[in-house]
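Using UniProt numbering, you'd call the opening residue of the sequence shown number 1 and step up by one each time.
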Amino acid sequence: MRNIFLRIFLVISLASPIIDALADDNFLIGDTHVAYWKDNKSAAFLLMFDDSWPSHWQVVAPELLKRGMIATFYINPGKGEYQKFSDEWENKLWRQGMVYGDHTMTHTGVKDMQNAEWEIGECARIIRQISPGKENRLVSYGQPGGTGNWHISQDQLDALLQEHHLINRPTFDKHGAVYFFKTTEDMLALADKAIAQKGMEYLIIHGVERIGPNVTYQDMWALKQDIFLPLLDGLKARSDKGNLWITDHISEHQYQTERDNAEVRKLSVDQNLIRLELAAHVDANLYDYPLTLMTNVPASWSTALVTQGDILKVSPVKNGIIQFDAIPNAGLINIREAQ
1 MRNIFLRIFL VISLASPIID ALADDNFLIG DTHVAYWKDN KSAAFLLMFD DSWPSHWQVV
61 APELLKRGMI ATFYINPGKG EYQKFSDEWE NKLWRQGMVY GDHTMTHTGV KDMQNAEWEI
121 GECARIIRQI SPGKENRLVS YGQPGGTGNW HISQDQLDAL LQEHHLINRP TFDKHGAVYF
181 FKTTEDMLAL ADKAIAQKGM EYLIIHGVER IGPNVTYQDM WALKQDIFLP LLDGLKARSD
241 KGNLWITDHI SEHQYQTERD NAEVRKLSVD QNLIRLELAA HVDANLYDYP LTLMTNVPAS
301 WSTALVTQGD ILKVSPVKNG IIQFDAIPNA GLINIREAQ
């Protein structure tokens with residue numbers, strides 16, 4: 001009997017390192033979940049600027065850059081304000097990390113399907129030609145305002161958007177600066193609402209006030225700088241605290257779609273290597289935005305080395321967890337302790 005207890009003790013003793021490697025605070029090593037928003041931020045917030053106004057590249061983009069932020073600019077390549085300053089749009093703004101959305105060629109409506117194909121499709125083609133990326137990548141679409149000048153049905157519009165891989169942005173209603181929201185506090189309340197609900201909110205802006213001796217006119221619905229700049233500061237502060245992911249519409253749409261259709265499979269785990277597979281039931285040609293993953297690793301690790309294909313990342317371990325980005329449907333993920 002004594003020998004039996006001794007053998008049981010030896011088996012348990014020898015197995016304990018394996019048990020320790022597989023469990024940490026009641027969580028299995030290798031267990032992984034997808035962060036609800038990128039970088040495990042609490043919420044997402046989108047800034048959108050309409051109509052190709054000069055203040056977008058004169059005021060907005062420089063102020064966004066100062067704060068490390070981006071936005072979606074909905075352009076009209078056939079509109080006078082765009083054509084006069086086409087070099088700014090075609091060679092400069094996108095190089096600063098800004099993203100373009102389709103706001104039709106001229107912002108004058110559509111007469112019929114043939115005209116709509118040009119107004120919507122040509123704008124999308126120009127956007128993809130201007131800025132680098134996959135030929136048929138997703139582009140955000142913003143319906144121009146105005147009544148009585150839109151002569152195609154909703155079904156016809158939906159067919160055009162699908163044909164050109166365009167994603168309809170959220171509505172202007174109750175989200176337009178100056179028209180609906182007039183104070184910094186009201187606009188920041190949108191961000192706080194998103195944080196409280198762990199969701200997404202957005203603000204659509206037309207012009208922004210331009211100040212200087214050579215300024216002879218203001219863009220449409222120009223938002224005063226003493227409202228706009230504190231708005232950016234408030235959004236930046238919330239982002240720095242980990243509460244807000246400030247991004248463009250398509251990145252948010254891709255992340256949300258992939259996240260809602262994602263599955264992480266734990267393929268193998270031992271003391272030295274964790275192997276995962278990240279799958280998402282989406283069109284991988286259109287939905288290839290990196291998702292943020294949180295993975296439990298052995299408590300003895302201080303730093304992890306994560307590889308997926310040719311991508312290599314070093315991730316610090318915090319409380320037995322690493323955080324890293326991976327692309328769905330893009331190959332196996334290998335995690336090992338960084339030496």
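All residues carry an ideal CB built from backbone N, CA and C; glycine is no exception.
Every value quoted in this text rests on a predicted model; they were computed, and no experiment measured them.
Asked, Found
"Local Cβ density within 10 Å of Ala-191, reported as buried at 16 or more and exposed below that", "buried"
"Pick from Asp-219, Asp-102, Gly-30, Asp-173 that is closest to Gln-129, judged by C-alpha positions", "Asp-102"
"Proximity of Met-105 and Glu-90 at Cβ, strictly below 7 angstroms", "no"
"Selection from Thr-247, Asn-285, Leu-47, Tyr-36 that minimises the alpha carbon distance to Thr-171", "Leu-47"
"Whole-number beta carbon distance between Val-208 and Phe-181, since they are thought to touch under 8 angstroms", "Wrong, their Cβ atoms sit about 14 angstroms apart, outside the cutoff."
"Burial state of Ile-327 (16 or more Cβ within 10 Å)", "buried"
"Residues bridged to Thr-104 (per DSSP)", "According to DSSP, which records beta bridges pairwise, Thr-104 is partnered with nothing at all."
"Inter-residue Cα distance where the pair is Ser-140 and Gly-80", "22 angstroms"
"Secondary structure of Ser-228, DSSP reduced to three states", "First, the residue type needs correcting, since residue 228 is Phe and not Ser in the sequence shown. Correct three-state label for Phe-228: helix."
"Where Glu-258 falls, given that 16 or more other Cβ within 10 Å makes a residue buried", "buried"
"Proximity of Ile-29 and Pro-298 at Cβ, strictly below 7 angstroms", "yes"
"Residue environment, Leu-267, which counts as buried when at least 16 other CB atoms sit within 10 Å", "exposed"
"Span of the beta strand (DSSP E), counted from its first residue to its last, around Lys-111", "Where Lys-111 is concerned, there is no enclosing beta strand (DSSP E), given that its DSSP letter is neither H nor E."
"Leu-47 - containing beta strand (DSSP E), residue span", "43 to 50"
"DSSP bridge partner residues for Met-200 (one or two, in chain order)", "Ala-44"
"Contacting residues, own chain, Cβ-Cβ under 8 angstroms from Ala-222 (five flanking each side not counted)", "Ser-55, Val-178, His-206, Gly-207, Val-208, Glu-209, Arg-210"
"CB of Tyr-74 within 7 angstroms of CB of Asp-50, strictly", "yes"
"Of the listed residues Asp-226, Arg-95, Lys-111, nearest to Ser-131 (C-alpha basis)", "Arg-95"
"Meets three-Cβ-pair contact criterion under 8 angstroms: the region 271 to 285 and the region 328 to 338", "yes"
"Inter-stretch contact (C-beta, 8 angstroms, three-pair minimum) for the region 301 to 313 and the region 59 to 73", "no"
"Rounded straight-line distance, which links the Cα of Ala-338 to that of Gln-271", "13 angstroms"
"Enclosing beta strand (DSSP E) for Ile-127 [first to last residue]", "Note, Ile-127: premise wrong, no beta strand (DSSP E); alpha helix (DSSP H) at 123 to 130."
"Beta-carbon proximity check, Asn-243 vs Ile-195, cutoff 7 angstroms", "yes"
"Check whether Leu-166 and Ala-124 have beta carbons under 7 angstroms apart", "yes"
"Beta-carbon proximity check, Phe-45 vs Ile-246, cutoff 7 angstroms", "yes"
"Close-in-space but distant-in-sequence residues of the same chain around Ser-52 (CB under 6 angstroms, 5 per side omitted)", "Ile-75, Asn-76, Lys-79, Glu-81, Tyr-82"
"Completely contained beta strand (DSSP E) runs for the region 121 to 189, where each covers 3 or more residues", "139 to 141, 166 to 168"
"First through last residue of the beta strand (DSSP E) which encompasses Gln-323", "321 to 326"
"For Glu-119, the three-state DSSP class (helix, strand or coil)", "helix"
"Distance between Glu-263 and Leu-293 (C-alpha atoms, nearest Å)", "11 angstroms"
"Closest residue to Leu-291 among Gly-142, Ala-279, Asn-285 (Cα-Cα distance)", "Ala-279"
"Alpha carbon of Leu-203 to alpha carbon of Thr-32, nearest angstrom", "33 angstroms"
"Counted within 10 angstroms of its Cβ, other Cβ atoms place Tyr-217 as buried (16 or more) or exposed", "exposed"
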